[in-house]
Every structure is written in structure tokens, then in C-alpha cells.
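Remember, our numbering sits 3 above the position in the sequence shown when you count from 1. I have placed the structure first, in the form of C-alpha cells, so that the comments after it can refer back to it.
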Amino acid sequence: MLAELSIDNLVLIAAARLEFSPGLNVITGETGAGKSLLAQAIGLLLGQKGGDELVRPGADRALVQALFELGDEELAVAREIPRGGRSRARMDGLLSSAAAVEDALRRRLAFYGQLEHTRLLQLERQLDLLDGAAADQVEPLKASYAEAYARARQLTRELDDLRGAGRDRERELDMLRYQIAEIEAAAVEPGEDERLAVERERARHAGKLLERTGGALALLAGESESAALDGVRVAQRLVDEAALLDESLAPAAERLAALVVELDDVAAVLRDYIDSLDVDAAHRDALELRHDKLTTLMRKYGGSADEVLAYLDEARSRLAALEEFVADEESLVARVAAAQDEAVAAAARLSEARRRLAPEAAARIEAELRGLAMPHATFLIEVSPRGEGWAALAPSGADDVEFVFGANPGVPPRPLRETASGGELSRAMLAIRGLVTLGDDVETLIFDEVDTGIGGVTAAALGQRLRRLAERRQVLCITHLPQVAAFADRQFAIAKESDPREGTTETVVRLVEGEERLAELCRMLGAAPDDAAARSHAESLLARAVTGP
């Protein structure tokens with residue numbers, strides 16, 4: 004449940020701490036005192052946008068925090084709106100996204116304000132509410148239908164693509180075949196562009212390379228008497244002989260022997276390199292032609308030989324898929340028909356369940372309405388097909404659902420969106436919400452403006468209904484009716500206080516109990532706290548709330 008709500012520097016609220024109890028919590032106050040600010044604070048936690056206009060004058064930021072108790076665990080969430088900056092959300096002290104906080108709260112509380120009254124008139128919302136009234140029976144059918152519908156839609160789109168893009172597909176097939184043939188004809192090898200760059204550079208400087216490596220080989224192992232390798236061999240022989248006379252020269256002899264081997268290896272490398280050099284102009288021309296061909300392919304299909312080969316693999320796969328796609332058109336037609344038939348059958352099962360459940364749900368809502376001082380209320384739920392076959396299906400199924408309502412005897416019921424007054428709509432929402440609550444796991448219900456257009460006996464009935472609802476869930480209700488407030492397990496009063504000397508106005512929230520609660524109820528009855536008649540009336544409201552009418 005929502006254990007605590009903390010608000011700092013939100014519009015006119017400097018600081019407020021509300022500790023809620025299980026059961027029914029009500030928030031009361033004069034019109035304009037700021038009751039809507041509490042609803043706005045909850046809305047901010049649920050992801051509503053907010054800017055500088057919400058930050059109290061003179062403050063740097065507005066902050067809303069809430070603490071939820073979940074058995075032995077707690078969840079702390081917060082939304083901060085800095086002046087001139089981006090809002091920040093936190094969950095258990097860690098920065099989080101507003102969407103993540105909203106998702107965590109939506110599983111724990113449901114907020115019903117004027118927007119929910121408006122949504123109640125939308126046919127899509129009425130269908131959702133009918134499904135929610137028997138979620139344990141409807142949800143498996145909805146899940147089965149959603150899976151079948153998604154599969155049929157996917158296959159239908161594939162078939163539409165196949166049929167609608169025939170000319171484009173043929174052009175793509177021709178292009179892919181040409182590209183594959185062009186790359187295959189070039190016989191590109193992995194890493195060829197890098198190797199070719201080295202070979203072109205070598206061929207461009209072949210003369211200089213031959214001159215320099217040939218000169219080096221001549222100096223190292225040529226025929227002249229001054230060849231380095233021959234000189235080192237002579238030196239090695241002389242030091243070997245000397246080492247026989249003096250062992251201290253043995254290391255020098257070994258190093259000379261190793262040097263002979265090393266120089267001999269270098270000479271062999273130079274000979275092989277010289278043999279590999281091709282100074283023929285025809286060879287250079289062939290390398291340039293290959294470079295031009297490879298450059299053209301890389302300009303078309305990738306920045307390197309490896310990327311060209313990767314494109315070739317992709318083109319082959321795409322070509323195979325398109326050719327298989329074309330070949331499978333007849334098979335796809337049959338698969339689409341089967342998938343659509345399956346979706347239609349799943350929709351029919353869902354529709355049958357809705358038609359079966361609608362009268363029971365309508366009867367329960369009607370009973371709730373009659374308990375809310377509408378003794379002649381008539382409530383029907385009409386479930387009608389949109390059409391036949393696949394064309395009639397939508398993500399929600401094949402049904403249109405309409406709530407039909409009549410408040411007075413002798414007047415035929417009409418669609419709720421055409422007939423309900425503000426007070427009737429408030430009671431209808433509460434009756435429906437009470438029904439749907441039985442099937443969900445939301446722990447806290449928050450009602451704002453649920454008492455719009457209501458007064459007198461109806462208000463007392465509304466309070467009783469909220470009290471019964473609070474037996475299963477924690478309920479928070481912002482109300483202006485004393486008959487509703489009297490049923491609360493805990494009551495908070497909001498007032499606006501001004502300081503003429505400081506030129507400031509502030510909204511304050513306080514828990515009212517005992518005499519303070521009696522005074523607040525007297526105020527709600529339009530009288531002063533010391534008005535004897537009003538006090539008697541307030542006391543009787545509290546007594547009836549405890550003992551019943």
C-alpha cells in the first residue's frame with residue numbers, strides 16, 4: 004500500500020507529509036485550497052510532464068516522494084523537477100527513468116480522475132473493462148487470440164508484399180544476379196586489396212629495388228675479394244685457430260661462426276627476393292588492371308576486398324530467399340488462409356466468452372448502481388460483431404462493446420456516452436471499478452472527482468461504497484462531500500494560508516482527528532466549527548458511518 008507521500012515546493016505547497024493508513028483515506032479542503040495538487044503529485048510519479056510552473060516561487064526545485072509497503076519490503080520512488088532543468092526520477096534512491104518508475108507504480112496503484120471519467124465513454128475502454136471484469140476467464144482467450152492474430156497478420160503482410168511488389172522484386176532479382184556474376188567473375192580473394200597494394204608498390208620501384216638489393220648481395224657474397232661473407236669466413240678460421248691456443252677466444256669464435264650463418268641466410272634471402280622481382284612492364288600493367296577492377300568493385304560493394312566478399316554472401320542469401328519466396332507463393336497463400344481461419348476461430352471463442360459474461364457483469368454493475376442511490380438504474384453491456392471473417396478482426400478481437408445505461412423508469416436505456424450526467428458517470432465509474440478490482444492485484448486505488456455532481460443521500464451511498472471497496476484495497480479519495488469524508492479511516496484537510504506581511508500564500512496539509520475532524524466536517528457542511536446544528540449533523544454522519552444507516 005501507499006504508506007507515505009511527501010511533497011516539497013510543489014506550486015503552493017512548501018512541505019507536506021501524508022502518512023496513509025490501510026482502508027479509506029480521504030483528502031478534503033475548500034475549493035481552490037489545493038486538493039488538486041495532491042492528485043498532481045501522484046500524476047508526476049506516474050510520468051506526467053512538469054516544468055518550472057510547478058516549482059514553488061523562490062524554490063530551486065519541486066520534489067515528490069512516495070513510500071510503498073509491500074509486505075516486509077518497501078519501495079521508495081521520487082520525482083524531482085529542478086527549476087530550469089530536466090526532471091529526474093529515482094527508485095530506491097537510485098536514478099531511474101520516469102517510465103521505469105511509472106511501470107513500477109502502475110502495478111501497485113490505479114489513479115482515477117477526470118480523465119478516467121472521459122475514457123469511460125470510449126468504446127475501446129468499455130471493452131477493456133468488460134474483459135477486466137472476468138480476467139481469469141478472458142485473459143487466456145485473449146492471449147490465444149493475440150498470438151493467432153499476430154501470426155495471421157504477419158503472414159498476410161508477407162503475401163501482400165509478395166503480390167504488391169512483384170515488379171520491384173523482379174528488378175531486384177535481376178540486379179542481384181548481375182552483381183553476383185560481376186563479383187564471381189572477378190574471383191576476388193580475401194585480403195587481396197592489401198596484397199595488391201604491396202605488389203603494385205614493389206613493381207613501381209622494381210628497378211631501384213633490384214639495384215639496391217643486387218648491390219647489397221654483391222657486397223655481402225659477391226665474387227670480389229672484398230665480399231663481406233668471405234672476409235668473415237677468413238676471420239672465423241683465424242680466430243678458431245687462435246682459440247685452440249687460448250680458450251678465452253672461444254666465445255668470439257662462436258659469435259663469428261653464428262655471424263657467418265646469419266650472413267649466409269641474409270644472402271639467401273636477397274637472392275630469393277631478386278629472383279622474385281619482375282621488372283617486366285607487362286607485369287606492371289597487369290597489376291594496374293587488377294587494381295582498377297578491384298577498385299571498381301570496392302566502390303560498388305564495400306571498402307575492401309573482404310567487404311566485397313561479404314556483400315557477395317549477402318547477395319547470394321537474398322537471391323536465394325527471393326527465389327524461394329517466389330516459389331513458395333502458392334504455399335504461402337495456403338498458410339495465410341489457415342492462419343486467418345485460426346484467428347477467426349480464436350476470435351469467435353473470445354466473442355462467445357464476452358457475450359456469456361456480459362449479462363452477469365452488467366447485472367453486478369446494475370446492483371452496485373442501485374446501491375449508490377440509483378434504485379431504478381438499468382445497465383446493459385451490448386456485445387456486437389464488427390462483421391464477418393478476417394476483415395472484421397482487430398487487435399482486440401471481432402467485437403464492439405457498448406455500455407448502455409438508463410437512470411429513470413420508463414425511459415429506454417441509451418449508450419452511456421450519450422446519456423450520463425456528471426454524477427451518474429461518477430457512480431458508474433465507481434461501480435465498474437469495484438467490479439474490475441475483483442480481478443486485479445492493484446493494492447491502492449486513488450479517486451479524484453469521483454463525487455462530481457453528487458450530493459445528499461447519494462453522497463452517503465457513495466461513501467458506503469468506497470468503504471466497502473476499501474475493505475479489499477487501500478483507497479485514497481479527494482472529496483468535497485462530508486457524507487463521503489465521514490466514512491474515512493483517516494482524513495486529511497488542505498487549507499490555503501496567506502501571510503499579508505510576507506506577501507506569501509501557502510497550501511498546508513494536516514491530519515485531522517477528534518475535534519479537528521469535527522470542525523472540518525462542519526466546514527464542509529457550510530457552517531462554523533461551533534455551530535451546534537452543524538456539529539450535531541457532523542457527529543451523526545460519523546456515527547452512521549460506523550454503525551450503518
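Backbone N, C-alpha and C fix where the C-beta goes; we use that ideal spot for every residue, glycine too. Quick caveat, the model's predicted, so the values are computed rather than measured.
Separation of residue j from residue i, as counted between CA atoms
i, j, result
"LEU49", "VAL512", "21 Å"
"LEU176", "LEU448", "59 Å"
"ARG296", "LEU259", "According to the sequence as given, residue 296 is Lys; it is not Arg. Cα to Cα, LYS296 sits roughly 51 Å from LEU259."
"GLU391", "ALA401", "8 Å"
"GLU509", "CYS525", "23 Å"
"VAL263", "HIS286", "36 Å"
"VAL515", "GLU523", "8 Å"
"GLY166", "ALA318", "A small correction: the amino acid at residue 166 is Arg; Gly does not occupy that position in the sequence shown. Near 22 Å, if we compare the C-alpha coordinates of ALA318 and ARG166."
"LEU5", "ALA79", "10 Å"
"VAL191", "ALA308", "7 Å"
"LEU441", "ALA102", "Its pLDDT being 49, under 50, LEU441 is placed unreliably in this model, and the value from its coordinates should be taken loosely. So the alpha carbons of these two residues sit roughly 27 Å apart."
"SER334", "ASP344", "16 Å"
"PHE382", "LEU465", "18 Å"
"ARG389", "TYR148", "16 Å"
"ARG436", "LEU179", "59 Å"
"GLN477", "GLU7", "13 Å"
"GLU22", "TYR115", "20 Å"
"LEU325", "ALA189", "24 Å"
"GLN68", "ARG82", "7 Å"
"GLY74", "GLU446", "11 Å"
"GLY529", "PRO412", "34 Å"
"ASP533", "GLY54", "43 Å"
"ARG420", "ASP95", "42 Å"
"PHE495", "ILE10", "14 Å"
"ARG122", "GLU505", "44 Å"
"ARG91", "PRO398", "35 Å"
"PRO416", "GLY458", "23 Å"
"HIS294", "GLN182", "19 Å"
"ALA246", "ASP275", "35 Å"
Neighbour flag for residue i against chain B, beta carbons, 8 Å
i, result
"ALA531", "The chain labelled as chain B is not found in the depicted structure, where only one protein chain is given."
Endpoints, alpha helix (DSSP H) assigned at residue i
i, result
"MET94", "Element bounds for MET94: not the alpha helix (DSSP H) but the beta strand (DSSP E), 91 to 94."
"GLY234", "231 to 248"
"ALA206", "195 to 207"
"ALA102", "101 to 109"
"ALA253", "253 to 279"
"ARG420", "419 to 422"
Spatial neighbours of residue i in its chain, beta-carbon cut-off 7 Å, leaving aside the 5 residues before and after
i, result
"VAL58", "ASN12, ARG64, ALA65, ILE84 and ARG86"
"SER24", "ASP492 and ARG493"
"VAL460", "ALA376"
"ILE384", "LEU133, ALA361, ALA364, ALA365, VAL404 and PHE406"
"ARG554", "The requested residue 554 does not occur in the structure, where the chain is confined to residues 4 to 552."
"LYS145", "ASP134 and LEU353"
"ARG470", "LEU27 and PHE490"
"VAL249", "At residue 249 the sequence reads Asp, which differs from the Val that was named. Hits under 7 Å: none found."
"ALA62", "ASN12"
"ILE368", "PHE382, ALA434, ILE435 and LEU438"
Host beta strand (DSSP E) of residue i (start-end)
i, result
"GLU142", "It is not in any beta strand (DSSP E) - GLU142 instead sits in the alpha helix (DSSP H) that spans 138 to 167."
"GLY409", "402 to 409"
"GLN68", "64 to 73"
"LEU112", "112 to 115"
"ALA531", "No beta strand (DSSP E) holds ALA531; DSSP gives it neither H nor E."
"THR447", "447 to 451"
"SER9", "5 to 13"
"ILE45", "Per DSSP, ILE45 belongs to no beta strand (DSSP E); it is in the alpha helix (DSSP H), 38 to 48."
"ALA81", "76 to 85"
6 Å Cβ shell around residue i - same chain, five flanking residues per side excluded
i, result
"GLY305", "VAL311 and TYR314"
"ALA463", "GLN486"
"ALA366", "none"
"ALA137", "LEU360"
Sequence-distant residues of the same chain with beta carbon closer than 8 Å to residue i, five excluded per side
i, result
"ARG205", "LEU212 and LEU280"
"ALA531", "CYS525 and ALA537"
"ALA342", "ALA151, ARG154, ALA155, LEU158 and THR159"
"LEU15", "GLY37, LEU40, ARG59, LYS499, THR508, GLU509 and THR510"
"LEU223", "ALA230, ALA231, LEU232, LEU266, VAL269, ALA270 and LEU273"
"ILE277", "LEU213, THR216, GLY217 and LEU220"
Proximity test, residue i beta-carbon vs the ligand HEM heavy atom, cut-off 7 Å
i, result
"ALA271", "Among the components of this structure there are no ligands whatsoever, and the ligand HEM is therefore not found."
Practice problem: Answer yes if the stretch 335 to 355 comes into contact with the stretch 196 to 210, meaning at least three C-beta pairs across the two stretches below 8 Å, and no otherwise. | Solution: no
Quiz prompt | Every unbroken alpha helix (DSSP H) inside the stretch 461 to 508 [4 residues or more] | solution = As summarised for the stretch 461 to 508, the continuous alpha helix (DSSP H) elements at least 4 residues long and confined to that stretch are 485 to 488, given in chain order.
Quiz item: Are three or more beta carbon pairs between the stretch 23 to 42 and the stretch 471 to 489 nearer than 8 Å?
Solution: Three or more Cβ pairs drawn from the stretch 23 to 42 and the stretch 471 to 489 lie within less than 8 Å of each other, which places the two stretches in contact.
Quiz prompt | Length-filtered (4 minimum) alpha helix (DSSP H) runs lying within the stretch 308 to 365 | solution = Counting only runs of 4 or more, we get 308 to 330.
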